[in-house]
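Following: one structure in structure tokens, then a few remarks.
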Amino acid sequence: MPIQARSTRVPWVIKYRPRRVEDVVNQDQAKKVLAPWFKAWLGGRKPDKRAALLYGPPGVGKTSLVEAIANEFNLEMIELNASDYRRRSDIERIVGAASRKKSMFRRGVVILLDEVDGINPREDAGGIEALLSIIKTTENPIVMTANDPWKDFLRPLREASLLVEFKPLTLTQIISVLQRICEAERIECERDALRYIAERSEGDLRSAINDLQAVAEGYGRVTLTLAREIVRGREKSIDIWRTLNQVFYKPRQAWIARKAVSQSEKDYEELIGWINDNIPRKYGEPSDLFRAFDALARATVFLGRAKFGGNWELLSYVFDLMGPGVAYARMEGEVLKTRYSYPEKIRMMAQLRGVRETREKLAEVLAKRLLTSKRTVKTEVLPILHYMFRSSRDPTKPALIALEYGFTESMIELLAGSRKSEILKAVATLKKARLSEKPAKPSAAEAGGEKGGERRKARRRERKGVGLDFFLGEQ
Ligand SMILES: Nc1ncnc2c1ncn2[C@@H]1O[C@H](COP(=O)(O)OP(=O)(O)OP(=O)(O)O)[C@@H](O)[C@H]1O
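As structure tokens, then:
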């Protein structure tokens with residue numbers, strides 16, 4: 001029978017939130033970078049970068065440090081979560097107003113925007129631009145937090161901000177925080193149970209404290225058996241940032257690196273891309289590089305075999321090689337301080353997404369009109385059109401095709417490249433000419449004669465759209 005909790009109902013993560021900067025465990029480097037930035041604001045000198053982007057895995061003290069600073073420096077904190085400032089209009093209205101606000105009773109104002117990586121660049125179009133323009137003119141420091149600051153759409157924000165990295169907490173640090181809470185709550189806690197909870201948290205102090213409270217409140221004491229029962233099974237997918245940290249910063253136990261890759265939020269192929277592109281950014285010693293790439297190459301081979309041979313048991317080797325294999329490849333050198341980079345392949349794919357979509361639509365339009373498959377259009381028709389649009393001396397000819405088939409501007413751009421504007425101009429001229437054209441009455445010959453039949457056919461063809469054969473004949 002669970003014993004009733006003796007603690008208050010306040011979540012311990014709130015109850016034991018750091019009040020002062022020194023209470024924030026571990027993040028010395030972040031404190032070192034942030035302190036002069038805040039001091040510059042308080043001294044009336046606005047720093048070059050008026051925003052700071054605090055990034056790192058969840059539950060490591062990003063928000064807590066800002067709160068502690070605000071507390072110590074007597075600043076009014078305006079905290080907004082991504083869900084409050086999703087849309088451009090919200091950002092302009094809410095964040096814009098906060099950026100000009102003067103505090104009545106405190107020394108100043110600090111704006112905290114949580115989870116900027118939660119903004120959806122598609123759904124919340126214009127949000128980032130709005131934020132950037134506020135950052136340029138803000139009268140108050142803007143601090144943003146993100147778990148994954150390397151998302152492509154965040155690049156302008158990264159460039160406009162002071163970047164502050166937060167690290168996962170170590171096992172010992174987490175255990176000692178849990179121990180202190182147990183003492184403050186006067187709860188009997190087994191050391192092994194605390195270690196178990198800390199290990200499962202993977203550096204996330206928030207989740208460790210929550211787990212501790214769940215066990216303690218349910219049973220009034222924290223034993224290893226109870227902790228196992230309650231905490232186990234709460235597996236969560238690991239964000240890419242944490243995965244990379246747990247691989248490149250060589251965890252003490254190999255299983256951590258293995259779990260970091262096997263439970264990564266990214267699929268295995270994408271993860272290989274991430275690790276591949278970041279090995280040379282994190283490892284400097286040639287022999288470390290060699291071992292790491294060797295392990296990753298072997299992981300790729302096993303993944304290929306697993307996928308194409310359907311032998312999924314081989315995934316086990318993939319995880320071993322990708323995780324501990326790369327982690328323990330670093331035997332000679334230190335981890336480099338270079339920042340992680342987005343994999344080149346994924347960046348290219350993202351950039352090309354628009355092009356791929358336009359190509360699909362173009363193939364669809366033509367397939368319908370030419371009564372053929374999209375595949376045939378892609379392999380046989382588009383290369384010809386591509387050539388025509390780029391090399392035809394007279395822009396009217398491709399313009400005629402574009403007009404007849406109703407190509408959009410992006411389709412014309414895809415086909416014409418740098419000649420886009422020339423062809424668009426020709427399309428506009430053709431449209432105008434057509435509008436001003438008076439429909440002529442058909443003559444008797446046109447209506448019934450042999451020649452008339454030809455003309456009629458030509459007209460019909462014109463109405464339906466210019467056939468490619470027609471165009472080819474003109475070339
Ligand atoms: N470095 C730390 N020192 C002391 N307490 C911490 C630290 N990190 C986390 N905590 C505890 O965990 C809770 C959550 O931390 P916080 O909100 O600062 O995490 P975060 O890094 O901002 O996470 P997220 O990215 O999910 O917003 C805090 O209330 C505090 O109790």
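What the sequence shown shows, in the UniProt record's numbering, is residues 1 to 475, in sequence order. In this text, a Cβ means the ideal position worked out from N, Cα and C, and glycines have one as well. For clarity, every value in this text was computed on a predicted model and none was experimentally measured.
Can you tell which of the options has the C-alpha that lies nearest to the C-alpha of residue i?
{"i": "leucine 75", "options": "Leu42, Leu54, Tyr268 and Phe293", "result": "Leu42"}
{"i": "aspartate 117", "options": "Lys151, Val110 and Arg100", "result": "Lys151"}
{"i": "alanine 193", "options": "Gly323, Ala227 and Thr170", "result": "Ala227"}
{"i": "arginine 106", "options": "Trp12, Phe73 and Glu115", "result": "Phe73"}
{"i": "valine 33", "options": "Arg19, Ala52 and Pro18", "result": "Ala52"}
{"i": "isoleucine 78", "options": "Asp277, Ala254 and Ala98", "result": "Ala98"}
{"i": "serine 89", "options": "Gly127, Leu112 and Asn120", "result": "Gly127"}
{"i": "glutamate 270", "options": "Ala350, Arg369 and Arg221", "result": "Ala350"}
{"i": "glycine 354", "options": "Ser373, Glu413 and Val301", "result": "Glu413"}
{"i": "lysine 259", "options": "Leu112, Asn278 and Gly323", "result": "Gly323"}
{"i": "leucine 162", "options": "Trp12, Pro141 and Tyr16", "result": "Pro141"}
{"i": "threonine 170", "options": "Arg191, Thr300, Ser201 and Arg186", "result": "Ser201"}
{"i": "leucine 289", "options": "Val335, Arg356 and Arg186", "result": "Val335"}
{"i": "leucine 321", "options": "Lys282, Ile272 and Glu364", "result": "Ile272"}
{"i": "asparagine 210", "options": "Val109, Leu371, Asn276 and Gly59", "result": "Gly59"}
{"i": "serine 103", "options": "Leu178, Gln179, Pro121 and Glu139", "result": "Glu139"}
{"i": "glutamate 188", "options": "Glu165, Val215, Gly96 and Ile174", "result": "Val215"}
{"i": "threonine 225", "options": "Lys307, Arg195, Leu370 and Ala292", "result": "Arg195"}
{"i": "tyrosine 249", "options": "Arg339, Pro121 and Pro383", "result": "Arg339"}
{"i": "glutamine 29", "options": "Gly44, Ala40, Tyr16 and Leu65", "result": "Leu65"}
{"i": "tyrosine 342", "options": "Met144, Glu115, Gly309 and Phe153", "result": "Phe153"}
Quick check: the Cα distance between residue i and residue j, rounded to an integer number of angstroms?
{"i": "alanine 68", "j": "isoleucine 230", "result": "32 Å"}
{"i": "alanine 445", "j": "glutamate 437", "result": "Only weak support is given to the placement of alanine 445: the predicted model assigns it a pLDDT of 46, under 50, and the question is left unresolved by the model."}
{"i": "proline 57", "j": "glutamate 92", "result": "28 Å"}
{"i": "asparagine 311", "j": "arginine 305", "result": "7 Å"}
{"i": "glycine 61", "j": "phenylalanine 38", "result": "17 Å"}
{"i": "threonine 379", "j": "valine 25", "result": "60 Å"}
{"i": "serine 207", "j": "leucine 157", "result": "28 Å"}
{"i": "threonine 172", "j": "methionine 411", "result": "58 Å"}
{"i": "glutamate 199", "j": "leucine 205", "result": "11 Å"}
{"i": "valine 261", "j": "proline 149", "result": "19 Å"}
{"i": "glutamine 263", "j": "serine 418", "result": "45 Å"}
{"i": "isoleucine 401", "j": "leucine 415", "result": "11 Å"}
{"i": "residue 476", "j": "alanine 35", "result": "Residue coverage of the chain in this structure runs from 1 to 475, which leaves residue 476 outside it and unanswerable."}
{"i": "residue 499", "j": "arginine 155", "result": "Residue 499 is absent from the model: the chain starts at 1 and stops at 475."}
{"i": "lysine 432", "j": "tryptophan 241", "result": "55 Å"}
{"i": "alanine 399", "j": "glutamate 422", "result": "9 Å"}
{"i": "leucine 362", "j": "phenylalanine 407", "result": "7 Å"}
{"i": "lysine 31", "j": "asparagine 71", "result": "14 Å"}
{"i": "arginine 50", "j": "isoleucine 135", "result": "6 Å"}
{"i": "threonine 358", "j": "arginine 375", "result": "15 Å"}
{"i": "lysine 167", "j": "asparagine 245", "result": "9 Å"}
{"i": "alanine 329", "j": "arginine 298", "result": "13 Å"}
{"i": "alanine 130", "j": "isoleucine 94", "result": "11 Å"}
{"i": "valine 222", "j": "isoleucine 14", "result": "20 Å"}
{"i": "histidine 386", "j": "leucine 314", "result": "44 Å"}
{"i": "arginine 347", "j": "tryptophan 274", "result": "11 Å"}
{"i": "proline 18", "j": "glutamate 183", "result": "17 Å"}
{"i": "arginine 20", "j": "leucine 80", "result": "21 Å"}
{"i": "arginine 281", "j": "isoleucine 174", "result": "29 Å"}
{"i": "leucine 424", "j": "alanine 257", "result": "55 Å"}
{"i": "valine 177", "j": "isoleucine 197", "result": "12 Å"}
{"i": "glutamate 265", "j": "isoleucine 238", "result": "5 Å"}
{"i": "leucine 296", "j": "threonine 372", "result": "44 Å"}
{"i": "alanine 292", "j": "threonine 429", "result": "60 Å"}
{"i": "arginine 393", "j": "lysine 307", "result": "49 Å"}
{"i": "glutamine 179", "j": "glycine 220", "result": "15 Å"}
Provide the residue(s) that pair with residue i in DSSP beta bridges, ordered along the chain.
{"i": "cysteine 189", "result": "Val222"}
{"i": "isoleucine 111", "result": "Ile78 and Ile142"}
{"i": "serine 264", "result": "Ile238"}
{"i": "leucine 162", "result": "Ala52"}
Assuming the contact rule is C-beta atoms closer than 8 Å, residue i and residue j should be a hit. Round their C-beta distance to whole Å, please.
{"i": "tyrosine 55", "j": "alanine 146", "result": "5 Å"}
{"i": "glycine 284", "j": "glycine 333", "result": "5 Å"}
{"i": "leucine 113", "j": "threonine 63", "result": "Between threonine 63 and leucine 113 the Cβ distance is about 11 Å, and since that is not below 8 Å, they are no contact."}
{"i": "glutamine 253", "j": "proline 11", "result": "Contact flag wrong, Cβ pair sits at about 30 Å."}
{"i": "glutamate 185", "j": "aspartate 277", "result": "46 Å between Cβ atoms; not a contact."}
{"i": "valine 318", "j": "phenylalanine 302", "result": "5 Å"}
{"i": "valine 110", "j": "valine 164", "result": "Rounded, the Cβ-Cβ distance is 14 Å, inconsistent with contact."}
Check: For the region 295–338, which segments carrying the beta strand (DSSP E) assignment without a break, of at least 3 residues, lie completely within its bounds, in sequence order?
Finding: Runs of the beta strand (DSSP E) inside the region 295–338: none found.
Next item on the list: Counting only runs of 3+ residues fully inside the region 1–61, write out the beta strand (DSSP E) ranges in chain order.
Entry: Runs of the beta strand (DSSP E) spanning 3 or more residues and lying entirely within the region 1–61 occur at 51–55, in chain order.
Margin query: So within the region 345–423, which uninterrupted alpha helix (DSSP H) runs reach at least 4 residues, ignoring any that extend past its ends?
Written below: Segments of the alpha helix (DSSP H) lying fully in the region 345–423: 382–391, 396–405 and 409–416.
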